[in-house]
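Visitor:
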Amino acid sequence: MTKLDKRLHTFYIYLKDHYRSISYSLLILVGIVFSLLLPDIILRSKIGIEINSLLSPLLFTLSWIFLLIGIMILLKKRTRMILYGVVVVLTNITVILQDLFLNGQGKMSQVEDFLTVFSLKEFTVHTDVVIAIFISLILMIITIWLLKKQEEYPLDHYQKIYVILTTIILVGFCKGSATTLLGPEMISKTNKVVDPNLYEKNTYLARQDITKMMNISGVYEETYQSICEWLRKEYEKRNLEE
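Just remember that our numbering sits 13 ahead of the position in the sequence shown, which is counted from 1.
Here it is, written out as structure tokens:
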């Protein structure tokens with residue numbers, strides 16, 4: 014038996030012994046990705062997915078999904094299940110609220126304005142958004158069940174370092190590629206248009222149009238930027254009061 018045959022035989026034995034664990038891991042990975050990706054795609058489809066910014070929101074969303082997966086791997090099973098469930102539920106709540114704002118006022122809103130949803134005159138949610146959220150929640154339940162069934166293997170220090178480095182590389186690659194695809198900043202951070210004739214792609218830096226930002230950056234990136242801006246405003250407000 015050659016060295017190659019021995020390696021193939023060893024790999025076959027490994028797959029045979031760990032078939033169940035590998036199957037669970039792959040199904041969990043698919044469940045996490047699709048349960049978080051589906052609401053984002055459906056919401057952006059309501060405002061029209063632009064071809065020239067098709068990949069950037071997908072890459073932004075994947076960067077956040079990879080970050081979540083990396084954190085989940087480092088956590089214990091119970092905490093992992095709770096974190097994943099909370100993220101999916103909060104994501105779907107955000108999608109419902111943004112769709113309500115889109116139907117009620119013709120545009121989306123920042124996180125700090127979510128409480129004003131009660132002042133909307135029209136409370137309607139698109140049917141396909143409801144279906145997408147339902148599928149997302151079903152996938153979440155199945156994934157949590159698989160996580161519960163999955164055997165827990167404690168990671169040593171080297172494995173934890175490997176997970177952290179892999180997560181940083183994946184997140185950095187996706188986010189960097191998304192920013193590069195958006196092109197140079199065409200609106201300055203002072204909200205001054207550099208060239209009105211240019212296609213305003215990178216508006217998520219200036220935060221002039223939340224609806225457009227959602228279209229080019231996705232639910233997770235836009236929500237993160239919105240939360241950061243809200244915290245910055247609160248910090249500045251407190252400094253002025255003091």
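Ideal Cβ placement from N, Cα and C applies to all residues, glycine included.
In angstroms with no decimal places, state the Cα-to-Cα distance between isoleucine 240 and phenylalanine 127.
Guide: 12 Å
Visitor: Could you pull the start and end residues of the alpha helix (DSSP H) that proline 70 belongs to?
Guide: Annotation for proline 70: the continuous alpha helix (DSSP H) segment containing it runs 68–87.
Visitor: I'd like to know if the region 148–168 and the region 111–121 are in contact, where contact means that at least 3 CB-CB pairs between them fall below 8 Å.
Guide: no
Visitor: Quick check: the region 182–194 against the region 92–105, are there 3 or more CB pairs under 8 Å?
Guide: no
Visitor: For the alpha helix (DSSP H) holding glycine 185, just list the boundary residues, first then last.
Guide: 170–195
Visitor: Would you mind reading off the limits of the alpha helix (DSSP H) that contains leucine 96?
Guide: Residues 90–118.
Visitor: Helix or strand or just coil, what does DSSP make of glycine 61?
Guide: coil
Visitor: Tell me whether proline 167 is buried or exposed, calling it buried when 16 or more other Cβ atoms sit within 10 Å of its Cβ.
Guide: Within 10 angstroms of the beta-carbon of proline 167 lie fewer than 16 other beta-carbons, which makes it exposed.
Visitor: Does threonine 224 pass the burial test, meaning 16 or more other C-beta atoms within 10 Å, or should it be called exposed?
Guide: By the Cβ-count criterion, threonine 224 is buried, with 16 or more other Cβ atoms from all chains shown falling within 10 Å of its own Cβ.
Visitor: Please work out which residues of its chain come closer than 6 Å, Cβ to Cβ, to tyrosine 233, disregarding the five sequence neighbours upstream and downstream, and give them in chain order.
Guide: Excluding sequence neighbours, tyrosine 233 sits near Thr74, Trp77.
Visitor: Under 7 Å between the Cβ atoms of valine 124 and isoleucine 55?
Guide: no
Visitor: Go through its chain and collect everything with a Cβ distance to lysine 89's Cβ below 8 Å, but skip five positions before and after it.
Guide: The residues are Glu165.
Visitor: For the alpha helix (DSSP H) that lysine 246 lies in, which residues bound it at each end?
Guide: For lysine 246, the enclosing alpha helix (DSSP H) stretches over residues 223–254.
Visitor: Quick check: what's the CA-CA separation for tryptophan 243 versus isoleucine 109?
Guide: Straight-line Cα distance between these residues: approximately 20 Å.
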